[in-house]
Amino acid sequence: FERADAEFAKAIALDPESTTARENRALVLQSWGNALVDQGQAAAALERYDTALMLIPGSADLLDDRGRALVALGRLDQAIDAFRQAVRLAPSNADLHFNLGAVLAKTGRRDEAIEEFRRVLAIDATRDDARLAIRTLGG
750 FERADAEFAK AIALDPESTT ARENRALVLQ SWGNALVDQG QAAAALERYD
800 TALMLIPGSA DLLDDRGRAL VALGRLDQAI DAFRQAVRLA PSNADLHFNL
850 GAVLAKTGRR DEAIEEFRRV LAIDATRDDA RLAIRTLGG
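Going by this note's numbering, the sequence shown opens with residue 750, and the numbers climb by one from there.
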């Protein structure tokens, strides 16, 4: 990951307007961040996601990954903010609503969590995980 990141950083330095180089570097950083989260290194992953978001700030996927890293670090209010931004960018993505609902439930925001899980079901009625979450929360 490190070498690919360095190469795309060089490409961006040569042509700062290159959308392709920016997107490719962001993809490398995202993949690197995901690998770091899998290795239990959420803080290092968060750095990669934040750098990637500077390159492509409107990425719901990156915001989702950022939110998951923040949850791993116990920074739940910041995770909620990241997931809410992601949902605003991709409101029809059931996974984003589920992730937001899960962290809202973790922070005791029961009614908001249930609403997010209902949104999941409105988008994808086959999501048994959302149905179970609503039942678990007493909704």
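Heads up, the beta-carbon is just placed ideally off N, CA and C, and yes, glycines get one too.
Among ALA828, THR800 and LEU886, nearest to ASP860 - alpha-carbon criterion: LEU886
Member of ALA828, ALA760 and ASP826 whose CA lies at the smallest distance from the CA of ARG771: ALA760
Coarse secondary structure for ASP873, derived from DSSP in three states: coil
Whether ILE797 touches LEU812 by CB criterion (8 Å): The question names Ile, but residue 797 is Arg in the sequence shown. Against a cut-off of 8 Å, the Cβ pair of LEU812 and ARG797 comes out as no contact.
Validate contact between the region 840-847 and the region 805-819 using beta carbons, cut 8 Å, 3 pairs: As far as the Cβ criterion goes, the region 840-847 touches the region 805-819, which means the pair count is three or higher.
Buried or exposed (CB count within 10 angstroms, at least 16 for buried), ASP787: exposed
Simplified DSSP state of PHE847, which is helix, strand or coil: helix
Own chain partners of ASP873 with C-beta closer than 6 Å, once the 5 adjacent residues on each side are dropped: ALA843
Cβ-Cβ separation, GLY850 to ALA828 (assumed contact under 8 Å), whole Å: Rounded, the Cβ-Cβ distance is 12 Å, inconsistent with contact.
Through-space distance from ALA835 to ARG876, alpha-carbon basis: The C-alpha of ARG876 lies about 19 Å from the C-alpha of ALA835.
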